[in-house]
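*Asks:* The structure that follows is given in the form of structure tokens.
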Amino acid sequence: MDPIKRATLVLPAGEWNPEKRLGGVTLDFDRRSRRRIALTTDEGMDFLLDLSEPRHLRQGDGLALKDGVVEVLAAPEELLELRCADTHALIRLAWHIGNRHIPAALSGDAILIRADHVLADMAERLGAAVTSVEKPFDPEGGAYADVPTGGGHSHGHSHGHGHGHHHH
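Using UniProt numbering, the final residue of the sequence shown is 168, and nothing's skipped along the way.
Shown next as structure tokens:
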């Protein structure tokens, strides 16, 4: 029996040779925030993701194995697409989402967030058109890009959720 293949290095999207691709592994947002986990490629090959530090895997990243690379693919998820009538309203909405430390994917004219009825209500109250969509979710990395972004967050200080602080 062959020992399980191990991926110990993440190669950023666009910085690895596609000719070395052994397959892809399709993961939702939560499953892409890992340090160590047994995975199976979409083609059926088992391997162990075994990184020295936890990090968030992004769409198109490569997981380096001894004999090639497994491409990370973002799975389609239930999301909310938020659009506003003008740029000012969209920026205001982005501020409110960011103030709540909500992962968000930004395009020129829309914001994608994970489906959440409380956030949908907030966005509508701020004047946004809210549409349910199913798309891959690959949010902005932000200042804490290599820190898992599930559940809670920590960034060197504490504050109440009134969020009366600012970052320098």
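Where is the CB? At the ideal position from N, CA and C, for every residue including glycine.
As a quick exercise: from ALA75, GLY98, ARG83, pick the residue whose alpha carbon is nearest that of ASP138.
*Replies:* Measuring from the Cα of ASP138, the nearest candidate turns out to be ALA75.
*Asks:* Ignore the nearest five residues each way along the sequence and tell me which others in ALA129's own chain have a CB closer than 7 Å to its CB.
*Replies:* So the list reads ARG83, once near-sequence residues are dropped.
*Asks:* Just the C-alpha distance for ARG34 and LEU73, rounded to the nearest angstrom, thanks.
*Replies:* Those two C-alpha atoms are separated by around 14 Å.
*Asks:* DSSP three-state call for HIS101: helix, strand or coil?
*Replies:* Correct three-state label for HIS101: coil.
*Asks:* Report buried or exposed for GLU71, applying the criterion of at least 16 other Cβ atoms within 10 angstroms of its Cβ.
*Replies:* Buried, since its Cβ has 16 or more Cβ neighbours within 10 Å.
*Asks:* Measure how close the beta-carbons of LEU39 and PHE47 come, nearest whole angstrom, since I'm counting them as under 8 Å.
*Replies:* Sure, about 6 Å apart at Cβ, within 8 Å.
*Asks:* Could you tell me the distance, in whole angstroms, from the CA atom of ILE102 to the CA atom of LEU22?
*Replies:* Rounded to whole angstroms, ILE102 to LEU22 spans 34 Å at the Cα level.
*Asks:* Using the C-alpha atoms, what's the distance from VAL25 back to GLU43?
*Replies:* Cα to Cα, the separation comes out at about 8 Å.
*Asks:* To the nearest angstrom, how far is the alpha carbon of THR131 from that of ALA115?
*Replies:* Cα to Cα, the separation comes out at about 10 Å.
*Asks:* Whose C-alpha, out of PRO136, ILE37, PRO54, LEU27, is nearest the C-alpha of ARG6?
*Replies:* If we check each option's Cα against that of ARG6, ILE37 comes out closest.
*Asks:* Quick check on HIS117: buried or exposed, where buried means 16 or more other Cβ atoms within 10 Å of its Cβ?
*Replies:* Label assigned to HIS117: exposed.
*Asks:* Express the C-alpha separation of LEU11 and residue 203 in angstroms, rounding to a whole number.
*Replies:* Residue 203 lies beyond the stretch modelled for the chain, which goes from 1 to 168, so this question has no answer here.
*Asks:* For ARG114, which three-state DSSP category applies?
*Replies:* Of the three classes helix, strand and coil, the one that applies to ARG114 here is strand, per DSSP.
*Asks:* Could you compute how far the alpha carbon of HIS163 sits from the alpha carbon of TRP95?
*Replies:* At HIS163 the pLDDT is 41, less than 50, meaning the model places this residue with poor confidence; the figure from the coordinates comes in the next sentence. Roughly 12 Å separates the two Cα atoms.
*Asks:* Can you grab the Cα-Cα spacing for the pair LEU51 / GLU78, in whole Å?
*Replies:* Whole-angstrom Cα-Cα distance: 28 Å.
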